[in-house]
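Here is the structure we will look at, set down as structure tokens.
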Amino acid sequence: QGPCDIYAAGATPCVAAHSTTRALYANYNGPLYQVRRSSDNTTRDIGVLSAGGVANAATQDSFCANTTCLITIIYDQSGRNNRLTQAPPGGFSGPAAGGYDNLAVATAAPITVGGHKAYGVYVAPGTGYRNNATNGVAKGDQPEGMYAIFDGTHYNGGCCFDYGNAETNSRDNGNGTMEAIYFGNIKVWGYGAGNGPWIMADLENGLFSGVNQHYNAGDPSISHRFLTAIIKGEPNHWAIRGGNAQSGSLSTFYNGVRPNVAGYNPMKKEGAIILGIGGDNSVGARGTFYEGVMTSGYPSDATENAVQANIVAAGYATSTGGVQNGTLTPGSAISLRATTPGYTDRYIRHQNDNAVTSVITSSSSTLDKNDATWIVRSGLASSSCVSFESRNYPGDYLRHQNYQLYRQRDDGSSLFAADATFCPQTGKNGQGTSFASYNFPTRFIRHYNNTVYIASNGGSNAFDSATAWNDDVSWVVSQPWA
Ligand code: AHR
Ligand code: AHR
Numbered sequence: 018q019g020p021c022d023i024y025a026a027g028a029t030p031c032v033a034a035h036s037t038t039r040a041l042y043a044n045y046n047g048p049l050y051q052v053r054r055s056s057d058n059t060t061r062d063i064g065v066l067s068a069g070g071v072a073n074a075a076t077q078d079s080f081c082a083n084t085t086c087l088i089t090i091i092y093d094q095s096g097r098n099n100r101l102t103q104a105p106p107g108g109f110s111g112p113a114a115g116g117y118d119n120l121a122v123a124t125a126a127p128i129t130v131g132g133h134k135a136y137g138v139y140v141a142p143g144t145g146y147r148n149n150a151t152n153g154v155a156k157g158d159q160p161e162g163m164y165a166i167f168d169g170t171h172y173n174g175g176c177c178f179d180y181g182n183a184e185t186n187s188r189d190n191g192n193g194t195m196e197a198i199y200f201g202n203i204k205v206w207g208y209g210a211g212n213g214p215w216i217m218a219d220l221e222n223g224l225f226s227g228v229n230q231h232y233n234a235g236d237p238s239i240s241h242r243f244l245t246a247i248i249k250g251e252p253n254h255w256a257i258r259g260g261n262a263q264s265g266s267l268s269t270f271y272n273g274v275r276p277n278v279a280g281y282n283p284m285k286k287e288g289a290i291i292l293g294i295g296g297d298n299s300v301g302a303r304g305t306f307y308e309g310v311m312t313s314g315y316p317s318d319a320t321e322n323a324v325q326a327n328i329v330a331a332g333y334a335t336s337t338g339g340v341q342n343g344t345l346t347p348g349s350a351i352s353l354r355a356t357t358p359g360y361t362d363r364y365i366r367h368q369n370d371n372a373v374t375s376v377i378t379s380s381s382s383t384l385d386k387n388d389a390t391w392i393v394r395s396g397l398a399s400s401s402c403v404s405f406e407s408r409n410y411p412g413d414y415l416r417h418q419n420y421q422l423y424r425q426r427d428d429g430s431s432l433f434a435a436d437a438t439f440c441p442q443t444g445k446n447g448q449g450t451s452f453a454s455y456n457f458p459t460r461f462i463r464h465y466n467n468t469v470y471i472a473s474n475g476g477s478n479a480f481d482s483a484t485a486w487n488d489d490v491s492w493v494v495s496q497p498w499a
């Protein structure tokens, strides 16, 4: 059984079923998503290993080898063709051509499901998906349910990392014209206990953590690495639920009447579907999506509890892809060796505060060895990625600025945290590990003329040169020199 078989058995069938990681029906044997590669702009559908099974990530890996892939379509498994594609401009414009939002980098959120490799949808600010012409999604005050699995460690305080029901013209059409799951720690509208992040309902002109407009003590901060998040609504009744997608059961954080604010009862849902953005195409938020559905009808708690059991059984886990022998474990000291032919004796080190590569050998000076040694830290901006603290300048980290890498003191800002966070994945040339920039996910740590940058595969800067890019962005995580 898949989650949508369970919803169907509960008489609240899925009307949209999106996942880049697995089939959501036991019999689903079609494509999960489509990727497009930059080398020749061709596309490829990524299907499942078997009916009802996990994504065939190897199809993506071979199609996207030595190039960059973007996720162009997230198919709808429900049969209603409620697929998600690049979101168009609305109240706000996105950063891509024509005011569209960016597409997600297909390799940016590697994980495993049931031991099989799969990729999630990594939403950096500016990324968004939408469908403004859906079939069967709730309108007006009609009942619906939704769940999604997110990376509970990847969020921010921008508006608005949402999945669910929104306006069909991509504009703010007033209170009650949306009903979507929100995840993050923005406090502009509503918030719950602690410092966040929170699961809230985006009902337009308001993220709601309960019946009150701002604070509701019952909605806890929640940040499981894999997070099950639920919002459901029917006439003058709605609920927030959530839990750990890797174990245990769901908790109910709100279950009651519509907010005590004018305009949300009855609801005026329009039935578009959004992912990663606000209803008016606000594009300030970040997050990661693995799977989610929308139903027709208000699912019972029992149905959702059975879906949660299905999710736990699916076995979401973090990927060790590209990380050798656990050497990227936070706390361990490492050195990073280049793999470009002719440069394989060079390591990333700091020198005069710049990050450069130097030839380091056992007879190098203690200073050089210290400069070429880094302590792996849980990513300053996300614990699903890593940061590199200097061995001999504790409190200083590798960070990029104007795309060049430096050793700098952590100033505690969210910009520094993002600039100093890198997400490991399998080395682009098949050796070692490549490190995607957290806030520029198409850019990877690269050496060029012995200086270290975050570089894209082709681009306007000399250091973005496509020549030797795959080699230059691949690093062997090595025994520490010091
Ligand atoms: O409700 C919060 C946000 O407000 C919506 O997502 C967006 O449409 C508006 O800016
Ligand atoms: O990066 C600071 C120092 O500058 C390094 O330790 C040394 O290599 C250089 O003198």
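Start counting the sequence shown at 18; every next residue gets the next number (my numbering). In this text, a Cβ means the ideal position worked out from N, Cα and C, and glycines have one as well.
Asked, Found
"Whole runs of the alpha helix (DSSP H) within the segment 23-104, excluding any shorter than 4 residues", "74-80"
"Close Cβ partners of Ala389 (< 6 Å) along its chain, the five nearest in sequence each way excluded", "Ser352, Tyr364, Arg366, Ile377, Trp498"
"Opening and closing residue of the alpha helix (DSSP H) in which Ile328 lies", "318-331"
"Rounded distance between the beta-carbons of Val324 and Pro20, thought under 8 Å", "5 Å"
"Contact test: Asp189 Cβ vs ligand 1 heavy atom, cutoff 6 Å", "yes"
"Span separating the alpha-carbon of Tyr172 from that of Ala434", "13 Å"
"Beta carbon of Ile248 nearer than 7 Å to that of Tyr271", "no"
"Cβ shell of Ala141 (< 7 Å), same chain only, five flanking positions each side left out", "Arg303, Asn456, Pro458"
"Thr506, buried or exposed, once every other Cβ within 10 Å from all chains shown has been counted against 16", "As shown, the chain starts at 18 and ends at 499. That puts residue 506 outside it, with no answer to give."
"Rounded separation between Gln496 and Phe452 - CA only", "18 Å"
"Phe480 in three-state terms, based on DSSP", "helix"
"Beta bridge counterpart(s) of Cys440 as assigned by DSSP", "Ala453"
"Any 3 or more C-beta pairs closer than 8 Å across the segment 108-117 and the segment 79-89", "no"
"6 Å Cβ shell around Ile198 - same chain, five flanking residues per side excluded", "Met163, Ala165, Tyr180, Gly181, Ala246, Ile248"
"Selected residue, minimal CA-CA separation from Ala104, among Gln77, Ala334, Asn369, Asp297", "Asp297"
"Inter-stretch contact at 8 Å, needing at least 3 Cβ pairs: the segment 429-443 / the segment 397-409", "yes"
"C-alpha gap between Val300 and Arg460, whole angstroms", "20 Å"
"Lys286, DSSP secondary structure in three states", "strand"
"Glu287 beta carbon near ligand 1 (any heavy atom closer than 6 Å)", "no"
"Option nearest Ile291 by Cα separation, candidates Ile90, Gly273, Trp391", "Ile90"
"Cβ distance (whole Å) where Ala155 is taken to contact Lys286 below 8 Å", "5 Å"
"Alpha-carbon to alpha-carbon, Thr361 and Asn99", "49 Å"
"Glu161 Cβ short of 6 Å to ligand 1 heavy atom set", "no"
"Cβ neighbours of Ser395 in the same chain (closer than 6 Å, five flanking residues each side left out)", "Pro347"
"Thr468 (DSSP reduced to helix, strand or coil)", "strand"
"Ala350 versus Trp391 - alpha carbon distance", "6 Å"
"Separation of Ile328 from Trp486, as counted between CA atoms", "38 Å"
"Contact check, Thr450 vs Gly288, beta carbons under 7 Å", "no"
"Identified DSSP bridge partners for Ser375", "Tyr364"
"Beta-carbon proximity check, Arg39 vs Val71, cutoff 7 Å", "yes"
"Bridge partner(s) assigned by DSSP for Pro127", "Tyr136"
"Closer than 6 Å: Asn222 CB and nearest ligand 1 heavy atom", "yes"
"Closer than 6 Å: Asp219 CB and nearest ligand 1 heavy atom", "yes"
"Contact under 7 Å by Cβ, Asn192 with Gly280", "yes"
"Check: Gly70 C-beta below 6 Å from any heavy atom of ligand 1", "no"
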